[in-house]
Amino acid sequence: KAGVTQTPRYLIKTRGQQVTLSCSPISGHRSVSWYQQTPGQGLQFLFEYFSETQRNKGNFPGRFSGRQFSNSRSEMNVSTLELGDSALYLCASSGQGVTNVLTFGAGSRLTVL
Amino acid sequence: DQQVKQNSPSLSVQEGRISILNCDYTNSMFDYFLWYKKYPAEGPTFLISISSIKDKNEDGRFTVFLNKSAKHLSLHIVPSQPGDSAVYFCAASGEGGGADGLTFGKGTHLIIQP
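First to last, the protein sequences are chains P and Y.
Adding 123 to a residue's 1-based position in the first sequence gives its number in this note's numbering.
Adding 13 to a residue's 1-based position in the second sequence gives its number in this note's numbering.
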C-alpha cells in the first residue's frame with residue numbers, strides 16, 4: 124500500500140512569491156492534515172480537510188490556505204512568502220475514527236531567500 | 014504558550030539500557046496521547062499511543078506511561094538499540110479527535126551510544 128506522497132520534496136523561493144505544495148494521501152484515507160515544522164517551534168498544525176471541507180484550522184495567517192479535491196488529494200498554498208516561512212511542510216492522512224494516528228509523508232522542504 | 018512540553022532537547026543512552034523520554038502537558042482537555050519517531054529526511058512515524066482512561070500501554074520494547082494528575086507521560090524503550098536513534102515527538106489531542114489537529118512537543122533527540 125503506497126504511503127503519503129508529497130511533492131515537491133525541495134524548493135527554493137524568494138520573498139513575495141507564492142508556493143503550492145501537493146499531497147496524495149493513502150488510498151482510502153479521507154482526512155488530510157498539514158503541519159509546519161521549524162527548528163524553533165516544532166510541529167505546528169496548519170489545517171485539516173475531510174471530504175473536501177476544511178474542518179479545522181491552526182493559528183496561521185490567511186496567507187496559508189489549502190484545499191482538498193474529490194479524490195482526497197490536497198494542496199496547500201502560501202502567498203507573499205516571508206523568510207520565516209522557511210520550514211518543512213508535512214502532510215498526513217488518516218482513516219476513519221478518532222484515534223488520531225496520522226501517517227505522514229516525507230515533507231516538502233521550503234527555503235525562502 | 015506551549016501546551017505540550019518536552020524539556021530535554023537531547024538524550025544519550027547506552028545500547029542495551031533503558032531510554033526514558035518525558036513529556037508534560039498543560040491542557041486538561043487532552044484525552045489522547047501519542048509518540049512519533051522521526052528520522053532525518055523522513056516524516057514522523059507513529060510509535061505508540063495511550064488513551065486518558067489508561068495509565069500504561071505496552072508494545073514490544075516500547076511502553077508509554079500516563080500520569081493524569083501530574084499531566085505527565087513518558088516513553089520507555091527497553092532495551093535501547095542503535096536503530097532507536099531518532100527524534101521523538103510527544104503529541105496530544107482533545108475530544109475533537111483528529112479534526113482538532115495534534116499538538117506536538119518540540120521533540121527529544123535520542124542518541125543510542127554503542
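Note that CB positions come from ideal geometry on N, CA and C, so glycine has one too.
Would the region 80 to 99 of chain Y and the region 20 to 34 of chain Y be scored as touching if the rule is three or more Cβ pairs under 8 Å? With a cut-off of 8 Å, the region 20 to 34 of chain Y and the region 80 to 99 of chain Y count as touching, because enough Cβ pairs lie within range.
Whole angstroms are fine: how far does the CA of C36 (chain Y) sit from the CA of V221 (chain P)? Start at 1 with the first residue of the first sequence, and residue 221 (chain P) comes out as number 98. Start at 1 with the first residue of the second sequence, and residue 36 (chain Y) comes out as number 23. Caution applies to V221 (chain P), whose pLDDT of 49 falls short of 50 and renders its modelled position unreliable; the model cannot decide the point.
Going by alpha carbons, who is nearest to W157 (chain P) out of P:S174, P:Q141, P:G151, P:F227? Here residue 157 (chain P) refers to the residue found at position 34 when the first sequence is read from its first residue. Ranked by Cα distance from W157 (chain P), the first of P:S174, P:Q141, P:G151, P:F227 is P:F227.
What is the C-beta distance between I124 (chain Y) and S21 (chain Y), in whole angstroms, given that I count them as a contact (C-beta under 8 Å)? Looking up residue 124 (chain Y) in the second sequence gives position 111. Looking up residue 21 (chain Y) in the second sequence gives position 8. With a contact defined as Cβ atoms closer than 8 Å, I124 (chain Y) and S21 (chain Y) miss out at about 12 Å.
Can F75 (chain Y) and I61 (chain Y) be called in contact, C-beta distance under 8 Å? Taking the first residue of the second sequence as 1, we reach residue 75 (chain Y) at position 62. Taking the first residue of the second sequence as 1, we reach residue 61 (chain Y) at position 48. A contact, by the Cβ cut-off of 8 Å.
Cutting at 6 Å between CB atoms, please list the residues of its own chain near E211 (chain P), excluding the five before and the five after it. Start at 1 with the first residue of the first sequence, and residue 211 (chain P) comes out as number 88. Per the sequence shown, residue 211 (chain P) should be read as Leu rather than Glu. Around L211 (chain P): Q160, G230, R232.
Report, in whole angstroms, the separation of the C-beta atoms of A105 (chain Y) and Y45 (chain Y), which I expect to be a contact under 8 Å. Position 92 of the second sequence, counted from the first residue, corresponds to residue 105 (chain Y). Position 32 of the second sequence, counted from the first residue, corresponds to residue 45 (chain Y). The beta-carbon separation of A105 (chain Y) and Y45 (chain Y), rounded to 7 Å, stays under the 8 Å limit for a contact.
Under three-state DSSP, which class holds N189 (chain P)? Locating residue 189 (chain P) in the first sequence gives position 66, counting from the first residue. Here the sequence assigns Gly to residue 189 (chain P), which means Asn is not the residue at that position. Three-state DSSP puts G189 (chain P) in a strand.
Between the alpha carbons of T121 (chain Y) and Q140 (chain P), how many angstroms are there, rounded? Position 108 of the second sequence holds residue 121 (chain Y). Position 17 of the first sequence holds residue 140 (chain P). If I take the Cα positions, the gap works out to 34 Å.
I need the straight-line Cα distance from L213 (chain P) to G126 (chain P), nearest angstrom please. As a working mapping, residue 213 (chain P) is identified with position 90 in the first sequence. As a working mapping, residue 126 (chain P) is identified with position 3 in the first sequence. L213 (chain P) and G126 (chain P): Cα-Cα distance of roughly 13 Å.
Where L88 (chain Y) sits in the DSSP three-state scheme: Numbered from its first residue, the second sequence carries residue 88 (chain Y) at position 75. If DSSP states are grouped into helix, strand and coil, L88 (chain Y) belongs with the strands.
Residues of chain P with CB under 7 Å from G120 (chain Y), in chain order? By 1-based counting over the second sequence, the position of residue 120 (chain Y) is 107. Residues of chain P passing the Cβ test: G165.
Count the other CB atoms, across all protein chains shown, that sit within 10 Å of the CB of T217 (chain P); report buried if there are 16 or more and exposed otherwise. Along the first sequence, read from residue 1 onward, the residue named residue 217 (chain P) stands at position 94. The sequence as given places Ser at residue 217 (chain P); Thr does not occur at that position. Burial call: buried.
Straight-line CA distance for R153 (chain P) to R178 (chain P)? As a first step, residue 153 (chain P) is located in the first sequence; it is residue number 30 there, counting from the start. As a first step, residue 178 (chain P) is located in the first sequence; it is residue number 55 there, counting from the start. Their backbone Cα atoms lie some 12 Å apart in a straight line.
Please name the residues in the region 46 to 61 of chain Y whose beta-carbon is closer than 9 Å to at least one beta-carbon of chain P, in chain order. Of all residues in the region 46 to 61 of chain Y, L47, Y49, K51, A54, E55, G56, P57, T58, F59 have a Cβ within less than 9 Å of some Cβ in chain P.
Quick check on F102 (chain Y) - is its C-beta less than 8 Å from some C-beta in chain P? For this step, residue 102 (chain Y) is matched to residue 89 along the second sequence. It does: the Cβ of F102 (chain Y) has a partner Cβ on chain P nearer than 8 Å.
Any beta-carbon of chain Y closer than 8 Å to the one on E198 (chain P)? Taking the first residue of the first sequence as 1, we reach residue 198 (chain P) at position 75. Taking a beta-carbon distance threshold of 8 Å, E198 (chain P) does not count as an interface residue toward chain Y.
Sequence-distant residues of its chain with Cβ nearer than 7 Å to D72 (chain Y) (five each side left out): To locate residue 72 (chain Y), count along the second sequence from 1; it is residue 59. The answer, listed in chain order, is I61.
Boundaries of the beta strand (DSSP E) in which K69 (chain Y) is found, first to last residue: Walking along the second sequence from the start, residue 69 (chain Y) turns up at place 56. For K69 (chain Y), the enclosing beta strand (DSSP E) stretches over residues 69 to 72.
For Q16 (chain Y) and K81 (chain Y), what's the separation of their Cα atoms in angstroms? Looking up residue 16 (chain Y) in the second sequence gives position 3. Looking up residue 81 (chain Y) in the second sequence gives position 68. Cα-Cα distance, rounded: 14 Å.
For the candidate residues Y:Q27, Y:Q126, Y:V26, Y:N40, whose alpha-carbon lies nearest to that of D14 (chain Y)? For the purposes of this step, residue 14 (chain Y) is identified with residue 1 of the second sequence, where counting begins at 1. Nearest of Y:Q27, Y:Q126, Y:V26, Y:N40 to D14 (chain Y), Cα basis: Y:N40.
DSSP three-state call for G29 (chain Y): helix, strand or coil? In the second sequence, the residue the question calls residue 29 (chain Y) occupies position 16. Note: G29 (chain Y) maps to coil in three-state DSSP.
Taking 8 Å as the limit between beta carbons, can you name the residues of its chain near Y172 (chain P), skipping five residues before and five after? The count along the first sequence starts at 1 and reaches residue 172 (chain P) at position 49. When the five nearest sequence neighbours on each side are left out, the beta carbons in the same chain lying within less than 8 Å of the beta carbon of Y172 (chain P) are those of S154, V155, S156, R178, G189, R190, Q191, S197, in order along the chain.
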